[in-house]
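Student:
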């Protein structure tokens, strides 16, 4: 992880380069690379790089709407009881309180532009999860930052 602590306020003007995170902020979260692209009190955007075989298990954001714009590869998504796929150019909408998950079940990496609104505490969560290797600790810290994981085994196919 690089860059300073994230202090959310009005959206600052500027350009985040394609190969970087805003303020050079990049996180490693259980095999995924997240690069902050924009952060303000009203929204938070990050690009993901997801190697084959990685994913984020079913969870809920009780205070945020979440979106994914798929840049490369195919995401396998769990959206409130159904399994779907989304590929390049597709936009996935996940309203707050909707149980959802995403996985890269393909043979090539996936990339997506994710954003949440309002920003909430997701960027602070990523700071805490950077380079953490214990999934149970990821779940515990996530609950403290308004991301609630469903119990293991509660979603068939997850």
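Numbering (the UniProt record's numbering), first residue to last: 1 to 158. Even for Gly, the Cβ is constructed at its ideal location relative to N, Cα and C. These numbers come from a predicted model, not from an experiment.
Roughly how many angstroms separate the alpha carbons of residue 67 and residue 93, rounded to a whole number?
Tutor: Going from the Cα of residue 67 to the Cα of residue 93 covers about 5 Å.
Student: Quick check on the DSSP output: what are the complete alpha helix (DSSP H) runs of length 4 or more inside the stretch 48-112, in order along the chain?
Tutor: List check, alpha helix (DSSP H) in window: nothing returned.
Student: Under the rule that 16 or more other beta-carbon atoms within 10 Å means buried, what is residue 13, buried or exposed?
Tutor: Exposed, because fewer than 16 other Cβ atoms sit within 10 Å of the Cβ of residue 13.
Student: Taking just the CA atoms, how far does residue 71 sit from residue 62?
Tutor: One C-alpha to the other measures close to 26 Å.
Student: Taking just the CA atoms, how far does residue 46 sit from residue 153?
Tutor: Taking the straight line joining both Cα atoms gives about 28 Å.
Student: Have a look at residue 88 and residue 9 and give me their C-alpha separation to the nearest angstrom.
Tutor: The alpha-carbon atoms of residue 88 and residue 9 are separated by roughly 31 Å.
Student: Can residue 86 and residue 158 be called in contact, C-beta distance under 7 Å?
Tutor: No, the pair does not count as a contact, with Cβ atoms beyond the cut-off.
Student: So the alpha helix (DSSP H) residue 128 belongs to, where does it begin and stop?
Tutor: Run containing residue 128: 122-129, per the alpha helix (DSSP H) assignment.
Student: So residue 119 and residue 20 are supposed to be a Cβ contact under 8 Å. How far apart are they, rounded?
Tutor: Contact flag wrong, Cβ pair sits at about 19 Å.
Student: Under 7 Å between the Cβ atoms of residue 145 and residue 125?
Tutor: Yes, the pair counts as a contact, with Cβ atoms nearer than the cut-off.
Student: In terms of alpha-carbon separation, which member of 103, 56, 83 lies closest to residue 74?
Tutor: Ranking 103, 56, 83 by Cα distance to residue 74 puts 103 first.
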